[in-house]
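Structure first, commentary second.
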Amino acid sequence: MFHILKKSVQTGLVTIGYPHRPAQIPEHFRGAPSFELAGWQDARPSAEACPTGAIAIEESEARRRVTIDYGLCIYCGQCAEADPSGAVKITRDFELAVRARGDLVTTAEYPLTSDGRQGPVAVVPTGLPAAHRTLQPLEQKLQQRIHDILGRSLAIREVDAGSCNGCEMEIGALNNPVYDLERLGIHFVASPRHADMLLVTGPVTRNMELALQKTYRATPAPKIVVAVGACGISGGIFGNHYATIGAVDAVVPVDVFIPGCPPRPQALLHGILLALGRMEQRLNSSDAGR
Amino acid sequence: MTQSSKAFTSKFDQILAPYGFSSAGWSEANEAEVSRAEIHAVVALADFRSTVTRLIEDGCRLASVFAEDRSHAGLGFLIYYVFDHREDVRFLLLRTSVSEDSMVFPSVSAEIPAVNWQEREMQDMFGLVAEGHPNPRRVALHDNWPDIHPLRKDFPIDTVLPPFEGEQHVYRPTLGEGVFQIPVGPVHAGIIEPGHFNFAVAGEPILYLQLRMFYTHKGTEKRFEHMPLRHAVYLAESISGDSSFSHGTAFCQAVECASGAEIPIRAKRMRTILLELERLYNHVGDIGAIVNDVGFGIANAHGARLREMILCVNEELCGSRLLRGLVCPGGMRYDWTEQQTTRCREGLQIFAAEFTDLMKLIDSSDSTRDRLEHTGILHPDKAVDLGIIGVSGRASGVDRDLRRDHPYAAYDEASFAVPVYQAGDVFSRMLVRVDEIVQSMRILKDTLERLVPGPCLVTLPPLPANCVALGAVEGWRGEILHWIRTGPDGRLERCKIKDPSLSNWPALVEAVQGNIVPDFPVINKSFNLSYSGTDR
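Protein chains in written order, with this note's numbering: chain A, 184 to 473; chain B, 183 to 718.
This is the structure we're talking about:
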């Protein structure tokens, strides 16, 4: 007993201050890539380097449409490595959770020059919300109701619907003394019947489809569903094929999407608190178009 | 413990001499295959069963069984059995072919239970028939799937399957007065992966455990066949999240072997460092989780804190807590700065002191030791019969470690001991982890000292078509194998992934028998097998 107390006193407080204080993110962390869309001259090298098709190119009649999807991104950094112009940079941004799937997607359209490169941007990037998008009145009302009912104390049931276990490891880390989810009044429960929120990872396998549906039905209303990781949002590196469905929101309705492969624990905290209306959505067009 | 430095003999040459087949390699009129690090032998289907059993009698171990569809090349279906021997650094690949007309191959599952699921997977994936299999039911594709065989070349990956009708799996009934069945899963109570456990209990003791896996079957092997090589390493890193770097490295080793290129020594040492960091963070987390499952929560809190320390070092070196995105065919994507390696060294120094404290804390609790000893015993003879490998094997007397027996990366220059225990209980499985952490620290210290500047990446030549190669890595859990066949234009025609979990699940079934249900979590945790690695 003396050993235990002595060690605890020696160790002191190890819990991080996030979200009340800014997160301390290591220098070399590979977060969201940022794209200088206005002056990007050639998206092809990055698109070819991307293993999940998060940077997609469509060409028609001397115009090139570039689509960037943070929901497919596995944050490998290949796009920045491949782009010779420096228009793609890796940032340490991790607060990427959004309320609508479309908020993770941005597109820009360019006229093509004779050598296959891009001229000045023709259609201003769209898709990502303007900085700190203001909620519509109805959304605001709904968010307030969620906050009133679930915003203070929350019970989460985690559902692995086919993940590689990477997301589970980071979700599990929320229980350790460093991230300590319970200090925020949030805890994990053993049954969906006790849960307010389902935290679901993908890429929803055909063998887990029924179990996910049943778990959703077993969760009492009102309930929130959060899709975690590239696979949970889009199928990620595994994609959508004979053995997978690809995205959680193809099986059950999803309220918040947390990108990452896997999302770091602070990113998970941000997404969970976003779903409760306790934090703001940060992803906006200035992140992509910097 | 046995030391790593030992003289290897060409044991396979001795063993194979009387078999009557040459170990020089295989080649046939319409395909020329190249492989560099293995012995290949072709056996007629009729002699196959007897050859396999004879090799086992000669002290070889069956590491994996898999098939590939070569019907488009007029070769039918090829089946490979991968063997290794304690006294040979090479793997032996025994190959036979099954014609498209018969589709039948002889099962060896009754004699070698380790291949039970693997043979059934071949049935599911290729439509082959394992003749004489004691339990030939479906395994990877659950009972409600339509009759498809995804790894056949004529099966398009994007086939849209109709909605499945409900659950049809029938568990074997367990009958008797006072005998109950407890179904658990696939959605478990903890934050873990999905699988179904069906316990038959008489009061508290477990009589019999039936497992049903493959809930996370993601068609990964088929997906490899549709990915350009440069992207496939990211898929390899996602086979089992806690073994990202080991799986990524095994894949890259297979590709490098196929290309015939040698990677720079700095890349080898960098890989060794990250492979050991992966072992460290998983082992220390598991030690905490094991004692947590017998009620020592505070030790788990410290264990998790130590795990976080290593994850921070990982992030410093890789930009990813799970060590993703650094390994690539040809070496490492980018080099480390002096500052990064210094931070790694400093982090490890703090970890070493903290780990000593953690073990003192755990050792001070007699009740913890009492709960861990004699719990979940896997007897050494059963471990050998079932072909159990890795941490679980070494806790039950199976003295195998690829780092020593088939050295890769920079392990040939590392000096370390392989801990082996005979008791096979939860406590032994924890002690193997404790000893391996100590040995890892030694490997890390030496390798960091040897990490002299130099290139860390070579450009691989384009892969020759029709080339096969094996990559083998001792992940923290055990032996990881990646076998590839290249197609034209440098694509992959087949990638077989063998995670140690696939052959270790029967160990859990064996170890829980006679134990009480409340001890199941700690027994399960002491094996800590990967569902995703099993199911792929």
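Just so it is clear, CB atoms sit at the ideal spot from N, CA and C, and this is done for glycine as well.
Rounded to whole angstroms, the gap between the alpha carbons of Ala263 (chain A) and Gln224 (chain A) is 14 Å. Between Phe609 (chain B) and Glu555 (chain B) a beta carbon distance of about 5 Å is seen, short of the 8 Å cut, so the two are scored as contacting. A distance below 6 Å between beta-carbons, with the five flanking residues on each side excluded, links Asn326 (chain B) to the following residues of its chain, in chain order: Phe346, Glu347, Gln350. Between Leu459 (chain A) and Leu333 (chain A), the C-beta spacing is below 8 Å. At a beta-carbon threshold of 8 Å, the residues of chain B lying near Met352 (chain A) are Gly423, Asp424, Leu504, ordered along the chain. Listed along the chain, the chain B residues whose CB falls inside 7 Å of the CB of Phe212 (chain A) are Glu497, Gly501. With a contact defined as Cβ atoms closer than 8 Å, Leu452 (chain A) and Tyr201 (chain A) qualify at about 7 Å. Taking a contact to require three or more Cβ pairs closer than 8 Å, the segment 424-436 of chain B and the segment 655-667 of chain B qualify as touching.
Shown here for Phe337 (chain B): same chain residues with a beta carbon closer than 7 Å to its own, the five before and five after excluded, namely Ile330, His331 in chain order. Taking a Cβ-Cβ threshold of 8 Å, the residues of chain A close to Ser712 (chain B) are Asn348, in chain order.
Taken through DSSP and simplified to helix, strand or coil, Gln531 (chain B) comes out as helix. Nearest in C-alpha terms to Gly372 (chain B), of all of A:Thr194, A:Leu367, A:Gly368, A:Ala356, is A:Ala356. Remark: C-beta atoms of Leu684 (chain B) and Thr716 (chain B) approach each other more closely than 8 Å. According to the DSSP assignment, Gly653 (chain B) belongs to the beta strand (DSSP E) that extends over 650-656.
Residue pairing from DSSP leaves Ala228 (chain B) without any beta-bridge partner. Judged by their CB atoms, Gln464 (chain A) and Val281 (chain A) are nearer to each other than the 8 Å cut-off. When secondary structure is reduced to three states using DSSP, Gly696 (chain B) falls in the coil class, being assigned neither helix nor strand.
In the DSSP assignment, Trp687 (chain B) forms no beta bridge with any residue. Counting along the chain, Trp665 (chain B) sits inside the beta strand (DSSP E) bounded by residues 661-668. In the three-state reduction of the DSSP assignment, Ala356 (chain A) falls in the helix class, which pools H, G and I.
In this structure, the straight-line span from the alpha carbon of Glu528 (chain B) to that of Ala534 (chain B) is close to 10 Å. Under DSSP, Gln207 (chain A) shares a beta bridge with no residue. Annotation: the continuous beta strand (DSSP E) that includes Asp343 (chain A) extends over 337-343. Between Ser622 (chain B) and chain A, the shortest Cβ-Cβ separation is not below 8 Å. For the set B:Gly430, B:Val342, B:Asn482, B:Pro376, the Cα lying nearest the Cα of His399 (chain B) is the one of B:Pro376. By the neighbour-count criterion, in which 16 or more other beta carbons inside 10 Å mark a residue as buried, Glu444 (chain B) falls on the exposed side. Secondary structure of Met514 (chain B) (DSSP, three-state): strand. Annotated as proximal: Gly653 (chain B) and Phe433 (chain B), with beta-carbon spacing under 8 Å.
Taken atom to atom, the span from the alpha-carbon of Gly254 (chain A) to that of Gly214 (chain A) is near 13 Å. For chain A, the residues of the segment 307-324 of chain B that bring a beta carbon within less than 7 Å of one of its beta carbons are His324, in chain order. Ranked by how close their Cα comes to the Cα of Glu386 (chain B), the residues B:Glu313, B:Gln363, B:Gly401 have B:Gln363 in first place. Beta-carbon to beta-carbon, Ser279 (chain B) and Leu227 (chain B) are separated by about 7 Å, close enough to satisfy the 8 Å threshold. With respect to chain B, the C-beta atom of Thr290 (chain A) has no partner C-beta closer than 8 Å. For Met380 (chain A), the three-state secondary structure derived from DSSP is strand. When DSSP states are grouped into helix, strand and coil, Cys262 (chain A) belongs to the helix group. In the structure shown, Pro601 (chain B) falls within a coil segment according to DSSP collapsed to helix, strand and coil.
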